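K.L.:
Here the numbering used here runs 150 ahead of the position in the sequence shown, where the first position is 1. A single structure is presented below for examination.
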Amino acid sequence: MTRLQNFSDQEYTPFMRVLFGQGSPSPLPSDLNDPSNTLHKLEFKDPSLNDSQKEAIRFALASREVALIHGPPGTGKTHTLIELILQLLKQNLRLLVCGPSNISVDNIVERLASHKVNMIRLGHPARLLPSVLNHSLDVLTRTSEAAALVQDVRKEMDDKQASIRKTRNGREKRQIYTELKELRQEYRERERGCVNNLVGGSKVVLATLHGAGGFHLKGQEFDVVIVDEASQALEAQCWVPLLWVKANKLVLAGDHLQLPPTIKSLNSKGSKAAKKAATTIDTDSSGISKTLETTLFDRLLALHGPSIKRMLTTQYRMHEAIMRFPSDALYDSQLIAADSVKARLLTGLPYEIQETEDTKEPLVFWDTQGGDFPEKIEDEGVIGKGGKGMSLGDSKSNEAEAALVKMHVNNLIAAGVKEDDIAVITPYNAQLALLAGLLKEKYPQLELGSVDGFQGREKEAVIVSTVRSNSEHEVGFLGEKRRLNVAMTRPKRHLCVVGDSDTISKGSAFLKQWMEYLEENADLRYPNLADVYTDDQ
């Protein structure tokens with residue numbers, strides 16, 4: 151950050167000026183949509199790519215300074231990035247590929263491995279997936295040809311160490327120590343040379359955003375920096391590779407309509423201004439964001455408008471009825487369900503499932519309408535047992551709603567749905583702890599999680615416990631569109647929403663829209679408290 155603040159005029163390349171809003175991105179070639187343009191004659195490695203994915207790849211290849219690939223849930227964003235990387239390699243370009251987490255980077259390494267790409271993964275081996283270790287710097291420095299020379303010196307050093315222990319002559323010991331000192335220096339030089347050769351000779355280097363700031367990459371030159379899961383990365387993280395290496399182009403892939411990175415500290419604790427700042431894109435005259443929650447993806451979109459972005463529009467995850475509301479409310483009705491998924495139900499799973507009122511419905515809404523299903527505020531403290539010592543603070547829970555969730559889970563499993571194909575998610579830790587106490591012992595393979603923690607995941611069936619039910623119609627952070635977007639886009643075949651439409655619909659215009667959609671399009675059910683608390687509960 152200090153370096154950015156002290157940038158000299160010479161360091162402000164046209165690329166940097168675009169990132170700061172001091173210059174506009176170079177216009178795309180006027181003949182980009184002309185069939186005679188070379189980009190239209192691209193031979194794609196993956197024949198299954200859809201039109202929006204091909205368009206995003208052409209756009210990223212044609213852009214001079216920056217390109218955003220907007221990938222809504224289930225649209226194959228990483229799939230598209232793999233093809234983009236292969237196309238850039240065909241142009242003999244050198245790439246630095248980053249992500250905010252080890253898992254986001256390892257995911258790309260795994261997918262590139264089958265294409266025999268000349269790549270190297272930087273990072274501590276203990277934090278990498280076992281499947282990518284063969285591409286890690288740590289392993290390659292032990293197994294490459296250059297590594298053999300280093301190991302020879304290492305063996306010679308070990309032999310010298312052994313001979314010191316055997317000799318009693320002081321002069322001989324001093325002589326061996328001198329030789330050992332020289333060998334150590336030679337070892338360090340050879341090891342450094344080996345690492346530099348491996349990293350410098352790789353066409354694709356992969357690292358987390360933090361890891362890209364290691365000494366191995368300082369001053370290295372790359373043609374393109376690619377950041378996956380860019381909407382989950384702090385802007386400060388993204389500047390680590392951009393300042394540490396030399397690059398002229400940036401490709402960001404993400405979805406700014408899902409949850410941003412978690413920020414635990416706001417400028418003024420608890421103030422309305424701080425909360426407002428955390429959910430708006432607030433920049434000063436230089437285009438630098440004033441809040442940590444504003445990502446680089448957000449800021450560049452606000453600076454340069456939608457012309458620097460291409461959206462992927464075919465989704466391969468959800469039944470059409472599950473997808474329709476987020477598409478209409480958040481993605482300008484542009485999402486299309488692929489033919490292979492648009493009508494799939496739990497009854498179509500590749501194992502025996504009974505056809506019941508649950509398994510034949512893609513969308514179910516249990517409308518508790520308050521009354522018998524009130525929320526409660528947990529006292530500050532910790533819930534143990536199934537909640538695993540979870541700190542609750544003033545988190546909300548809803549006991550009757552949790553019992554209703556358990557009833558629905560029981561019904562799905564009784565119909566034959568496997569435990570590990572079902573997830574139960576909720577925005578509140580207190581409710582998560584309550585659900586864990588009710589369900590974890592009976593169904594150990596069932597996945598329980600917070601909405602925020604489930605971002606990037608998917609399951610065949612997802613049950614969402616919304617919790618809020620009160621006479622003041624307060625919805626708290628349930629009112630965050632991006633959190634709800636994550637919640638409602640995790641399932642493939644079955645989404646069950648449990649909540650109080652009376653409370654939720656009064657929370658915001660977006661929530662009112664959602665409740666109206668569920669009432670009109672879901673299998674609408676009104677629970678009876680006596681049925682919820684059965685003997686099994």
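Even glycine gets a Cβ: it sits at the ideal position worked out from N, Cα and C. Since the structure is predicted, the reported quantities are computational estimates derived from the model, not experimental observations.
Take G249 and list the residues in its own chain whose beta-carbon comes closer than 6 angstroms to its own, dropping the five residues that flank it on each side.
P.N.:
Cβ neighbours of G249 beyond the five flanking positions: V255, D378 and E379.
K.L.:
Roughly how many angstroms separate the alpha carbons of I431 and R167, rounded to a whole number?
P.N.:
Residue confidence is low: I431 scores 47 on pLDDT, short of 50, so the model does not pin down where it sits. Its coordinate-derived value is still stated next. For I431 and R167, the distance between alpha carbons rounds to 19 angstroms.
K.L.:
Report the residue from P411, Q370 and L409 whose alpha carbon sits nearest the alpha carbon of W394.
P.N.:
Looking at the Cα atoms, Q370 is the closest of the given residues.
K.L.:
Taking Cβ positions, are G173 and P164 nearer each other than 9 angstroms?
P.N.:
Closer than 9 angstroms, so yes.
K.L.:
Hey, could you find the ends of the beta strand (DSSP E) T230 is sitting in?
P.N.:
Where T230 is concerned, there is no enclosing beta strand (DSSP E), although the alpha helix (DSSP H) it sits in stretches over K227 to K240.
K.L.:
Using a 10 Å radius around the Cβ and a threshold of 16 neighbouring Cβ atoms, would you call A423 buried or exposed?
P.N.:
Per-residue confidence for A423 stands at a pLDDT of 48, beneath the threshold of 50, marking its modelled position as unreliable; the derived number appears in the next sentence. When all chains shown are included, A423 counts as exposed.
K.L.:
So D448 is in the alpha helix (DSSP H); what residue range does that whole segment cover?
P.N.:
Here the alpha helix (DSSP H) through D448 covers L446 to H454.
K.L.:
Hey, could you find the ends of the beta strand (DSSP E) P476 is sitting in?
P.N.:
Per DSSP, P476 belongs to no beta strand (DSSP E); it is in the alpha helix (DSSP H), E470 to L480.
K.L.:
Count the other CB atoms, across all protein chains shown, that sit within 10 Å of the CB of D482; report buried if there are 16 or more and exposed otherwise.
P.N.:
Counting Cβ neighbours within 10 Å, D482 comes out exposed, since fewer than 16 surround it.
K.L.:
Of the residues V617, A550, I572 and L596, which one's Cα is nearest the Cα of K578?
P.N.:
The sequence given here places Tyr at residue 578; Lys does not occur at that position. When only C-alpha atoms are compared, the closest one is V617.
K.L.:
Out of curiosity, what's the CA-to-CA distance linking C388 and R277?
P.N.:
One C-alpha to the other measures close to 20 angstroms.
K.L.:
Pull up the CB-CB distance for D508 and A565, whole angstroms please, since I reckon it's below 8 angstroms.
P.N.:
That belief holds up - the Cβ atoms of D508 and A565 are roughly 6 angstroms apart, short of 8 angstroms.
K.L.:
What are the boundary residues of the beta strand (DSSP E) that P641 is part of?
P.N.:
It spans P641 to G649 - the beta strand (DSSP E) in which P641 sits, taken as one unbroken run.
K.L.:
Among F157, M151 and S213, which has the Cα closest to the Cα of L178?
P.N.:
That would be S213, whose Cα lies nearest to the Cα of L178.
K.L.:
Using only the alpha-carbon positions, how far apart do S110 and I232 sit?
P.N.:
Because the chain here runs from 151 to 687, residue 110 falls outside it and cannot be looked at.
K.L.:
Measuring alpha carbon to alpha carbon, tell me which of L634, L348, V491 and T230 ends up nearest A479.
P.N.:
Checking every option, the nearest Cα to that of A479 belongs to L634.
K.L.:
Between L192, E193, E329 and L348, which lies nearest to M269 when the distance is taken from Cα to Cα?
P.N.:
Here the closest residue by C-alpha is L348.
K.L.:
Give every residue of the same chain whose Cβ lies closer than 7 angstroms to the Cβ of S619, excluding the five residues on either side of it in the sequence, and list them in chain order.
P.N.:
For S619, where only same-chain residues beyond five positions count, the Cβ hits under 7 angstroms are T518, G520, F523, P524, E525, N548, D650 and T653.
K.L.:
Would you grab the beta carbon distance between A245 and K353 for me? Rounded to a whole angstrom, and I think it's under 8 angstroms.
P.N.:
According to the sequence provided, residue 245 is Leu. The question's Ala does not apply to it. That pair is a contact at about 7 angstroms.
K.L.:
Would you kindly work out how many angstroms separate the C-alpha atoms of I563 and Q595, rounded to a whole number?
P.N.:
In a straight line, the C-alpha of I563 is about 11 angstroms away from that of Q595.
K.L.:
Thinking K556 and L598 are a contact (beta carbons under 8 angstroms), I'd like their distance in whole angstroms, please.
P.N.:
Incorrect: roughly 11 angstroms between the Cβ atoms, too far for contact.
K.L.:
Indicate, with yes or no, if the ligand HEM has a heavy atom lying under 8 angstroms from the CB of H366.
P.N.:
Summarising the ligand content, the structure contains no ligands, and the ligand HEM is consequently not present.
K.L.:
Could you tell me which of P512, Q241, A217 and P456 sits nearest to A403, measuring between CA atoms?
P.N.:
When each option's Cα is compared against that of A403, the closest is A217.
K.L.:
Which of helix, strand or coil does DSSP assign to K191?
P.N.:
Reduced to three states, the DSSP call for K191 is helix.
K.L.:
Answer with buried or exposed for Y501, where buried requires no fewer than 16 other C-beta atoms within 10 angstroms of its C-beta.
P.N.:
By the 10 Å Cβ count, Y501 comes out exposed.
K.L.:
Return the CA-CA distance between P641 and M665, expressed in angstroms with no decimal places.
P.N.:
Answer to the nearest angstrom: the Cα atoms are 18 angstroms apart.
K.L.:
Quick one: is Q465 buried, meaning 16 or more other Cβ sit within 10 Å of its Cβ, or exposed?
P.N.:
Buried.
K.L.:
Answer with buried or exposed for E630, where buried requires no fewer than 16 other C-beta atoms within 10 angstroms of its C-beta.
P.N.:
It counts as buried.
K.L.:
Counting along the chain, where does the beta strand (DSSP E) carrying V403 start and finish?
P.N.:
First, the amino acid is wrong: residue 403 is Ala here, not Val. Where A403 is concerned, the enclosing beta strand (DSSP E) stretches over L400 to G404.
K.L.:
Quick check: the stretch 486–505 against the stretch 465–474, are at least 3 beta-carbon pairs closer than 8 angstroms?
P.N.:
These segments touch.
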